[in-house]
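Engineer:
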Amino acid sequence: MTLNGTYIMELDNTWKRRDNKYNMEPVIYCAKCLSLDIRDIEGKDYCEKCGSTETKTTDIFTWMKLYRERYGRDFTFSEEDMEINN
Ligand SMILES: [Zn+2]
């Protein structure tokens, strides 16, 4: 873990305020666009955003770090921010 303690606490508090069930739960995300909007289609993971079937699993903090590196900003939890167009 390379994140510093303050950053982790801030993320942790954000998640707890929003929805406890996400806290440190493994997440499945799209390997191409990092979307968490993954659907199970006939036993295969399918990205609702870009149609990729290539998914990965990690913890939420690693995913948020990847998201920040990709999009240059932190993930927020509004529906609009789930609509990412590449
Ligand atoms: Zn995708």
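For what it's worth, this note's numbering labels the leading residue of the sequence shown as 44, then goes sequentially. We put the beta carbon where it would ideally sit given N, CA and C, even for glycine.
What's the C-alpha gap between residue 115 and residue 75?
Structural biologist: 16 Å
Engineer: Ends of the alpha helix (DSSP H) at residue 113?
Structural biologist: Start and end: 103-114.
Engineer: If we ignore side chains and look at the alpha-carbon of each, how far apart do residue 98 and residue 91 end up?
Structural biologist: If I take the Cα positions, the gap works out to 12 Å.
Engineer: For residue 137 versus residue 69, is the C-beta spacing smaller than 8 Å?
Structural biologist: Residue 137 lies beyond the range of the chain shown here (44 to 129); nothing can be said about it.
Engineer: Just to confirm before moving on: does the CB-CB distance between residue 89 and residue 79 stay below 8 Å?
Structural biologist: Not in contact: residue 89 and residue 79 (Cβ atoms no closer than 8 Å).
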